[in-house]
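Chains as they are written, first to last, in the numbering used here: chain A, 28 to 269; chain B, 31 to 274.
Report on the following structure.
Here it is, written out as structure tokens:
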């Protein structure tokens with residue numbers, strides 16, 4: 028579904044990604060972790076071309092992302108993305124947030140879009156908030172709406188860029204619950220996160236990054252059981268020690 | 031102060047015409063409002079387009095838009111007005127040049143409107159750019175990630191919030207349009223400034239005449255402010271805090 032091949036990326040002279048290769052198969056959940064500044068957020072933004080790459084190739088469902096002939100809006104519409112800071116549109120009600128992509132990009136009728144939006148809102152447990160505005164919801168609620176908004180486009184896979192990093196600790200679980208459910212339904216997911224509990228529960232593979240490189244790409248049990256690289260061992264011992 | 035106030039002279043008929051001084055004032059106010067509003071419309075339309083282009087991914091368009099702003103922002107409005115009035119017609123093809131100089135109706139009004147409109151457009155463009163850039167980058171990404179094109183991202187995501195954020199500085203700019211329109215008298219538009227001086231010359235009532243003009247300018251700017259405050263309240267986003 029997502030194929031990342033030998034991807035390198037520079038900001039000016041600064042190399043942020045070095046020869047990254049990994050993939051996410053259909054129905055697979057891959058967690059990408061690593062210390063701050065390791066390039067994991069940058070890598071996931073390259074998947075739907077929010078960040079350009081200078082070397083290598085990314086193929087999503089048979090479409091080469093970096094090909095200048097690729098219709099990026101069309102591709103992005105099929106790839107759901109959830110951001111660290113939710114990024115709901117503050118001037119639109121929750122319902123409008125859920126409907127606008129469906130209407131303007133997929134060409135659905137307003138009624139159809141709203142019906143689908145409300146259904147998904149119900150699914151993330153927020154139907155009662157349909158007419159509120161993003162600023163009136165808590166962070167956890169906003170992030171659940173953001174997940175529903177991405178799902179409203181019927182994506183073939185979902186990208187999560189640190190979806191719980193900006194949340195108060197009490198709100199992390201309500202968001203993770205939605206993501207776990209999604210994973211269990213067989214959604215293809217690439218998730219940048221520090222939530223190792225989530226990774227243990229639903230991930231198939233864990234990709235560990237450091238300094239712009241993929242240091243380890245292993246099955247979940249192998250990664251948590253006996254990580255091969257010293258850097259990953261250090262990382263795990265630090266975040267799992269308490 | 032030993033001044034003999036006389037406000038009723040405004041009802042006297044002016045010496046050089048059959049209108050009262052009050053009629054002159056009202057007519058001057060009319061020209062002032064006409065120039066300010068027309069210039070504001072030009073400024074808002076052009077300024078929005080240019081300001082948006084300054085943030086566009088296309089480097090050439092962004093550079094051209096930047097050049098526009100630098101040009102109109104770095105030269106005094108009065109000099110710009112003279113350039114449009116005295117120099118610009120000379121640069122036109124011969125026949126058009128003659129028409130502009132001799133036959134163009136309301137030539138002074140149109141020149142003043144365009145000069146003020148372009149001058150203000152540079153300032154509006156600067157605010158639009160600042161408004162767009164004040165939004166978190168993630169907003170644009172969220173629009174693009176949904177499958178919007180660049181244009182749709184601006185239309186549905188970026189601009190609606192950017193304009194809400196810049197209503198306060200735009201308010202000042204709208205008020206400035208009324209105040210800056212006073213330069214129009216320098217090329218002979220019979221605006222509020224022009225008629226107030228005319229009334230002084232004919233009637234000799236310096237203080238009353240200039241105070242009347244002052245009050246009318248004040249009211250125009252005040253009204254412009256109230257209109258913008260009304261709009262600001264109408265489009266307020268529930269739960270949104272700008273400092274976020």
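C-beta: ideal position from N, C-alpha, C; glycine also.
Under 8 Å by beta carbon: chain B residues contacting residue i
i                      : result
residue 162 of chain A : 267, 268, 269, 270 and 271
residue 29 of chain A  : Per Cβ cutoff of 8 Å: no residues; residue 29 of chain A is ~15 Å from chain B at best.
residue 171 of chain A : Per Cβ cutoff of 8 Å: no residues; residue 171 of chain A is ~15 Å from chain B at best.
residue 127 of chain A : 176 and 186
Endpoints, the beta strand (DSSP E) within which residue i is located
i                      : result
residue 237 of chain A : 232-237
residue 36 of chain A  : 29-38
residue 246 of chain A : 240-246
residue 186 of chain A : 184-188
residue 219 of chain A : 216-219
residue 58 of chain A  : 56-60
Burial state of residue i, where buried means 16 or more other Cβ atoms lie within 10 Å
i                      : result
residue 97 of chain B  : exposed
residue 72 of chain B  : buried
residue 210 of chain B : buried
residue 60 of chain B  : exposed
residue 247 of chain B : buried
residue 253 of chain A : exposed
residue 260 of chain B : exposed
residue 44 of chain A  : buried
residue 38 of chain B  : exposed
residue 157 of chain B : buried
residue 213 of chain A : exposed
Under 7 Å by beta carbon: chain A residues contacting residue i
i                      : result
residue 179 of chain B : 100
residue 187 of chain B : 116
residue 161 of chain B : None at all; the shortest Cβ gap to chain A is about 13 Å.
residue 168 of chain B : 110, 112 and 114
residue 190 of chain B : 118
residue 276 of chain B : Beyond the ends of chain B as shown, which are 31 and 274, falls residue 276 of chain B; an answer cannot be given.
residue 92 of chain B  : Chain A residues near residue 92 of chain B: none, gap ~17 Å exceeds 7 Å.
residue 172 of chain B : 110 and 114
Partners in chain A for residue i, counting only beta-carbon separations shorter than 9 Å
i                      : result
residue 182 of chain B : 100, 131 and 132
residue 88 of chain B  : Neighbours of residue 88 of chain B on chain A: none; closest Cβ ~15 Å, over 9 Å.
residue 212 of chain B : Ordered by position in chain A, no residue passes the 9 Å Cβ test against residue 212 of chain B, which lies about 37 Å from the chain.
Contact test: residue i Cβ vs the ligand MG heavy atom, cutoff 7 Å
i                      : result
residue 118 of chain B : Summarising the ligand content, the structure contains no ligands, and the ligand MG is consequently not present.
Under 8 Å from the C-beta of residue i: neighbouring residues of chain A
i                      : result
residue 194 of chain B : 118
Residue interval of the alpha helix (DSSP H) (run including residue i)
i                      : result
residue 44 of chain A  : First-last for residue 44 of chain A: 41-51, but that is the beta strand (DSSP E), not the alpha helix (DSSP H).
residue 242 of chain B : 236-264
residue 176 of chain A : 166-178
residue 202 of chain A : 196-211
residue 157 of chain A : From DSSP, residue 157 of chain A is part of no alpha helix (DSSP H); its letter is neither H nor E.
residue 267 of chain B : Run containing residue 267 of chain B: none; DSSP gives neither H nor E here.
Contact set between residue i and chain B, taken where Cβ atoms lie within less than 9 Å
i                      : result
residue 180 of chain A : 176 and 177
Could you tell me which whole alpha helix (DSSP H) segments of length 4 or greater appear in the segment 67-138 of chain A? 67-74, 99-105 and 121-131
Please confirm if the segment 113-131 of chain B is in contact with the segment 63-73 of chain B, defined as three or more CB-CB distances below 8 Å between the two stretches. Output reads no: the segment 63-73 of chain B does not touch the segment 113-131 of chain B.
Given 8 Å as the limit, is there contact between the segment 51-60 of chain A and the segment 77-84 of chain A, that is, 3 or more CB pairs closer than that? no
Would you list, in sequence order, the uninterrupted alpha helix (DSSP H) runs of no fewer than 4 residues that lie entirely inside the segment 113-138 of chain B? 118-121 and 124-132
Inter-stretch contact at 8 Å, needing at least 3 Cβ pairs: the segment 129-145 of chain A / the segment 233-251 of chain B: no
Just to confirm the assignment: which complete alpha helix (DSSP H) runs, minimum length 4, are found wholly within the segment 65-104 of chain B? Listed in chain order, the alpha helix (DSSP H) elements of length 4 or more contained wholly in the segment 65-104 of chain B are 89-103.
Do the segment 192-207 of chain A and the segment 32-49 of chain A touch if we need at least three Cβ pairs shorter than 8 Å? Contact between the segment 192-207 of chain A and the segment 32-49 of chain A is absent, because fewer than three Cβ pairs lie under 8 Å.
If you scan the segment 175-232 of chain B from start to end, which runs of the alpha helix (DSSP H) of 4 or more residues do you find wholly inside it? Within the segment 175-232 of chain B, the complete alpha helix (DSSP H) runs of at least 4 residues fall at 189-195 and 197-210.
Determine, using beta-carbon pairs with one atom in the segment 163-170 of chain A and one in the segment 189-203 of chain A, whether at least three such pairs fall under 8 Å. yes
Three or more C-beta pairs closer than 8 Å, one from the segment 221-230 of chain B and one from the segment 39-55 of chain B: is that the case here? Cβ pair count under 8 Å is three or more, so yes.
Could you check whether the segment 170-180 of chain B touches the segment 193-207 of chain B, counting it as contact only if at least three pairs of C-beta atoms, one from each stretch, sit closer than 8 Å? The segment 170-180 of chain B is not in contact with the segment 193-207 of chain B.
Segment contact flag, the segment 233-247 of chain A with the segment 59-72 of chain A, C-beta cutoff 8 Å, min 3 pairs: Contact holds: three or more Cβ-Cβ distances are below 8 Å.
Across the segment 73-86 of chain B and the segment 147-158 of chain B, are there enough close Cβ pairs to call them in contact, namely three or more that are closer than 8 Å? yes
Would you check if there are 3 or more beta carbon pairs closer than 8 Å linking the segment 88-97 of chain A to the segment 163-176 of chain B? no
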